[in-house]
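K.L.:
Everything in the sequence shown is counted per our numbering, starting at 90 for the first residue and increasing by one.
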Amino acid sequence: MNLISQRHSRAARIGATLTFALLCTSSFAIAQEESAGFGVSDQLKSTQLTSEVKSLDDIRNLNDREKARLKTTALRNENLSDLSLPVGPPRRISSQQQPAAVPPKPSRTTPKREKALQKVKELKAGLTGGEDRKKQEELMRKALNEFFLADMQYRVEELDRIKRKVQETEANLQKRLAAKDESIDLQVKLLFQEAEGISVFGSSTSDTSLRGRRPSTGVLFDMNGPATPLGLPGRAR
90 MNLISQRHSR AARIGATLTF ALLCTSSFAI AQEESAGFGV SDQLKSTQLT
140 SEVKSLDDIR NLNDREKARL KTTALRNENL SDLSLPVGPP RRISSQQQPA
190 AVPPKPSRTT PKREKALQKV KELKAGLTGG EDRKKQEELM RKALNEFFLA
240 DMQYRVEELD RIKRKVQETE ANLQKRLAAK DESIDLQVKL LFQEAEGISV
290 FGSSTSDTSL RGRRPSTGVL FDMNGPATPL GLPGRAR
């Protein structure tokens with residue numbers, strides 16, 4: 090009976106291994122097909138990019154295509170990792186909580202830009218001129234073209250981020266302007282409350298409309314200092 094059980098267990102393990110191998114082979118074939126679609130020679134790709142990139146919108150389209158490709162690759166790798174077979178004895182998971190990872194500071198560059206820059210530096214270090222000058226010029230132009238495009242992709246992303254920030258700030262200012270009358274009326278009440286020595290936000294005030302209430306537009310006027318930070322109406326700062 091034990092012998093039959095062992096044979097069934099061995100057959101199940103072999104079947105799982107074969108299934109995983111088939112999935113890996115299928116994924117590899119898909120990757121090869123995709124690389125055939127995207128993977129023209131570097132020189133041809135560089136020429137195509139140079140000819141098609143004529144505006145900032147072209148740069149944005151290039152960013153979108155690369156992000157979609159990276160997302161597809163990440164999803165495929167995640168699916169393969171879920172199917173991986175455990176190797177070795179089972180490991181005991183510690184019950185202790187791990188400290189939260191510190192989020193990285195926002196980078197002022199991208200891996201693609203750094204890689205292209207490194208290529209330019211390597212070619213620069215190997216420049217000799219002479220008989221090989223024509224070939225070296227061709228390689229350097231290609232490397233500089235790739236670096237230029239990678240740098241433009243980063244700068245356009247930064248530009249779009251700043252535009253979104255400007256739009257959000259403008260919307261906040263519009264909401265603040267719409268609440269102008271309420272802000273001024275409430276500020277007048279607060280100033281007179283303070284002049285009469287009454288607690289502005291305490292429970293001792295006789296004006297029930299101000300009792301325990303913060304102004305809906307936050308701290309309105311700091312007349313003894315610089316302008317207060319921009320904020321959304323209805324959010325006390």
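Virtual Cβ for every residue (Gly too), placed ideally from N, Cα, C.
On a predicted model such as this, the values are computed, not experimentally measured, just so you know.
1) Measure the beta-carbon distance from Leu212 to Leu228 and round it to whole angstroms, keeping in mind my assumption that it falls under 8 Å.
2) For Lys156, name the three-state secondary structure that DSSP assigns.
3) Using only CA atoms, which one of Leu238, Lys254, Val245, Ser272 lies nearest to Glu141?
4) What's the C-alpha gap between Ile273 and Leu279?
5) Our contact map puts Glu246 next to Asn152 with C-beta atoms below 8 Å; I'd like the distance itself, whole angstroms only.
6) Which same chain residues end up closer than 8 Å to Asp249 when comparing Cβ atoms and leaving out the 5 residues on each side of it in sequence?
7) Need the endpoints of the alpha helix (DSSP H) that Asp274 sits in, please.
8) Are there 16 or more other CB atoms within 10 angstroms of the CB of Ala232, so buried, or fewer, so exposed?
9) Using the Cα positions of Met241 and Arg230, report the straight-line distance between them to the nearest angstrom.
10) Apart from the five residues on each side of it in sequence, which residues of its chain come closer than 6 Å, Cβ to Cβ, to Arg202?
11) For Ile251, which three-state DSSP category applies?
12) How big is the Cα-Cα spacing for Phe281 and Glu257?
13) With 16 other CB atoms within 10 Å as the buried threshold, where does Ala214 fall?
14) Hey, could you find the ends of the alpha helix (DSSP H) Glu220 is sitting in?
15) Determine the DSSP secondary structure at Val142, reduced to helix, strand or coil.
16) Would you decide whether Ala163 is buried or exposed? Buried here means 16 or more other CB atoms lie within 10 Å of its CB.
17) Helix, strand or coil for Arg197 per DSSP?
P.N.:
Let me lay it out:
1) Numbered from its first residue, the sequence shown carries residue 212 at position 123. Numbered from its first residue, the sequence shown carries residue 228 at position 139. Confirmed, Cβ separation roughly 6 Å.
2) Taking the sequence shown and counting its residues from 1, one reaches residue 156 at position 67. It is helical.
3) Position 52 of the sequence shown holds residue 141. Of the candidates Leu238, Lys254, Val245, Ser272, the one whose C-alpha sits nearest the C-alpha of Glu141 is Leu238.
4) Here residue 273 refers to the residue found at position 184 when the sequence shown is read from its first residue. Here residue 279 refers to the residue found at position 190 when the sequence shown is read from its first residue. For Ile273 and Leu279, the distance between alpha carbons rounds to 10 Å.
5) Residue numbering aside, residue 246 sits at position 157 when the sequence shown is read from its first letter. Residue numbering aside, residue 152 sits at position 63 when the sequence shown is read from its first letter. Glu246 to Asn152, Cβ: 6 Å. Contact.
6) Within the sequence shown, the letter at position 160 stands for residue 249. Once the five neighbours on either side are set aside, the close Cβ partners of Asp249 are Arg149.
7) On the sequence shown, position 185 is the one that residue 274 refers to. Segment 269-284, the alpha helix (DSSP H) holding Asp274.
8) Translated into the one-based positions of the sequence shown, residue 232 becomes position 143. Its Cβ being crowded by 16 or more others within 10 Å, Ala232 is buried.
9) Residue 241 sits at position 152 when you count from the first residue of the sequence shown. Residue 230 sits at position 141 when you count from the first residue of the sequence shown. Roughly 16 Å separates the two Cα atoms.
10) The count along the sequence shown starts at 1 and reaches residue 202 at position 113. Cβ within range, chain order: Ala239, Asp240, Tyr243.
11) Start at 1 with the first residue of the sequence shown, and residue 251 comes out as number 162. The answer is helix: DSSP assigns Ile251 an H, G or I state.
12) Against the sequence shown, residue 281 aligns to sequence position 192. Against the sequence shown, residue 257 aligns to sequence position 168. Their backbone Cα atoms lie some 34 Å apart in a straight line.
13) On the sequence shown, position 125 is the one that residue 214 refers to. It counts as exposed.
14) On the sequence shown, position 131 is the one that residue 220 refers to. Glu220 -> no alpha helix (DSSP H), and no H or E assigned at all.
15) Along the sequence shown, one-based indexing puts residue 142 at 53. Of the three classes helix, strand and coil, the one that applies to Val142 here is coil, per DSSP.
16) Position 74 of the sequence shown, counting from 1, holds the residue named residue 163. Per the 10 Å Cβ criterion, exposed.
17) Residue numbering aside, residue 197 sits at position 108 when the sequence shown is read from its first letter. Coil, per DSSP.
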